[in-house]
Amino acid sequence: MPRISVLGCGRIGRMHADNIATHPQATLAGVFDTHAPFAAEIASKHGVTNFASALEAINSDDVDAVLIATPTSTHVEFLEACVKAGKAVLCEKPIDLSLERVNALAKRIEGTKVPIMLGFVRRFDPGHAAAERARAAGEIGELHQVTITSRDPGMAPDGYIKTSGGIFRDMTIHDLDLARFLLGEEVTEVTATGSRLVNPTLMDECDDYDTVVVILKTASGKQAVITNSREAVYGYDQRIEMLGSKGMLVTDNHHNHSMKKYLATETNVSSPLQHFFIERYGAAFDVEISKFVDAIENGAPVPVGFEDGRLALLLADACFKSVAEGRTVLTSEFA
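Numbers 7 to 341, taken from my numbering, label the letters of the sequence shown in order.
This is the structure we're talking about:
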């Protein structure tokens with residue numbers, strides 16, 4: 007079983023460490039975080055090494071692979087260190103906030119045989135994955151439209167918003183990757199619009215948006231529409247529809263349980279939506295680790311690689327350009 011170290015012990019790193027430690031096909035080798043108490047807690051919980059530095063967690067002879075869950079600004083450095091060390095790497099999105107830096111890294115690691123996987127976990131959601139397989143099998147005929155609804159239950163903390171790179175790079179980027187996955191074709195045109203409806207002061211604070219719509223188009227005319235909001239008061243809203251010439255595919259929200267109430271005063275009342283991404287995509291995170299292990303142990307191709315991460319960031323940049331210039335942006339403009 008591959009021995010995997012985890013860099014970063016914040017919310018998502020902690021979840022990854024727990025998943026690896028309990029995964030039947032992987033071993034948690036150790037953890038590292040610049041905030042020592044976080045790493046010490048996880049290392050103690052699982053009885054693993056608390057590495058003194060990120061490079062030690064990468065280069066240790068007791069480590070076969072690395073999962074990067076550190077701040078985005080460190081991803082390029084740690085990714086390159088993993089490649090140099092010959093260690094397979096699973097990196098949380100995005101690779102970086104700068105497409106220029108990502109392109110430069112792509113050139114430096116060109117030709118590497120080291121497995122590099124990106125953490126676009128929504129591809130592994132059982133419903134989303136089943137929909138993609140049904141589309142590929144022709145069950146709905148020729149695909150025409152993909153509709154992705156993705157809304158957070160509430161605004162992220164101000165500190166996160168100000169350093170996130172903006173909604174298109176930190177939130178919509180998941181849906182941009184999912185759209186590429188579901189369309190089965192590359193996007194050639196991007197049209198985006200953004201508003202500040204939840205927090206009107208975002209313009210003054212960080213020139214960002216909290217409510218956005220993106221329209222993607224492929225060369226053959228297939229369309230994807232992405233609807234994002236930073237705040238849906240009813241919970242974490244995650245749905246997709248795929249319309250084809252012979253029918254439609256739908257994957258819906260997840261609830262805490264499936265019971266519904268029908269009373270004299272109200273009908274079809276369901277339990278709340280699952281709270282946030284760790285709960286909603288829990289099964290997908292488990293599949294993600296299994297896919298990573300398969301790439302390490304059996305040489306299977308990573309299902310979502312470095313180039314997928316680069317293209318998702320390119321589409322995010324195209325969204326910002328579209329909003330700023332009030333026009334449809336061609337992806338060829340970034341070539």
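C-beta atoms are modelled at their ideal positions from N, C-alpha and C, and glycine is treated no differently.
For clarity, every value in this text was computed on a predicted model and none was experimentally measured.
Unbroken alpha helix (DSSP H) run spanning residue i, endpoints
i: L61; result: 60-65
i: D158; result: Element bounds for D158: n/a, residue is neither H nor E.
i: A71; result: No alpha helix (DSSP H) contains A71, which is instead part of the beta strand (DSSP E) from 71-74.
i: T178; result: 178-189
i: S296; result: 288-304
i: I167; result: 164-169
i: M21; result: 17-28
i: L111; result: 105-114
i: S226; result: Where S226 is concerned, there is no enclosing alpha helix (DSSP H), given that its DSSP letter is neither H nor E.
i: H281; result: H281 -> no alpha helix (DSSP H), and no H or E assigned at all.
i: A91; result: 81-91
Which of helix, strand or coil DSSP assigns to residue i
i: R236; result: coil
i: R202; result: coil
i: E98; result: coil
i: R245; result: strand
i: L10; result: The residue you asked about is not Leu; residue 10 is Ile in the sequence shown. Reduced to three states, the DSSP call for I10 is strand.
i: A46; result: helix
i: L255; result: strand
i: T217; result: strand
i: I146; result: coil
i: T118; result: coil
i: T207; result: coil
i: T153; result: strand
i: G344; result: Lying before the first or after the last residue shown, residue 344 is absent from the chain, which here runs from 7 to 341.
i: V127; result: helix
i: G311; result: strand
i: V68; result: The sequence given here has Asp at residue 68, not Val. Residue state, collapsed to three classes: coil.
i: A341; result: coil
i: Q78; result: Sequence inspection shows Thr at residue 78; the Gln mentioned does not correspond to that position. Helix, per DSSP.
i: A140; result: helix
i: A32; result: coil
9 angstroms Cβ cutoff met for residue i and residue j
i: G92; j: A322; result: no
i: T344; j: A136; result: Since the displayed the chain opens at 7 and closes at 341, residue 344 lies outside it and no answer follows.
i: L255; j: A230; result: no
i: D158; j: S277; result: no
i: A71; j: I10; result: yes
i: I167; j: D214; result: yes
i: T337; j: T197; result: no
i: L105; j: F340; result: yes
i: T76; j: L103; result: no
i: L61; j: I122; result: no
i: T80; j: L124; result: no
i: A225; j: T178; result: no
i: G200; j: V329; result: yes
i: A306; j: D300; result: yes
i: A32; j: H52; result: no
i: I101; j: A87; result: no
i: N259; j: Q244; result: yes
i: F38; j: N25; result: no
Cross-strand partners of residue i (DSSP beta bridge)
i: N56; result: V37
i: S264; result: Bridge partners of S264: none, in fact.
i: T194; result: T194 pairs with nothing; no bridge assigned.
i: S276; result: K266
i: L336; result: E195
i: G250; result: L149, G253
Closer than 9 angstroms to chain C by CB, residue i
i: R17; result: In the structure shown, chain C does not exist; there is a single protein chain.
I want to know whether the segment 146-153 touches the segment 238-249 - three or more CB-CB distances under 8 angstroms. yes
Give a yes or no on contact between the segment 156-170 and the segment 292-312, applying the rule of three or more CB pairs nearer than 8 angstroms. no
Spell out a yes or no on whether the segment 268-277 and the segment 89-106 are touching, meaning 3 or more CB-CB pairs, one atom from each, closer than 8 angstroms. no
For the structure I just gave you, are there three or more beta carbon pairs, one from the segment 178-188 and one from the segment 315-335, closer than 8 angstroms? yes
State whether the segment 39-52 contacts the segment 11-19, with contact taken as three or more CB pairs (one from each stretch) at a distance under 8 angstroms. yes
Three or more beta-carbon pairs under 8 angstroms between the segment 98-118 and the segment 198-213, yes or no? Contact check between the segment 98-118 and the segment 198-213: fewer than three CB pairs, one atom from each, fall below 8 angstroms, which does not count as touching.
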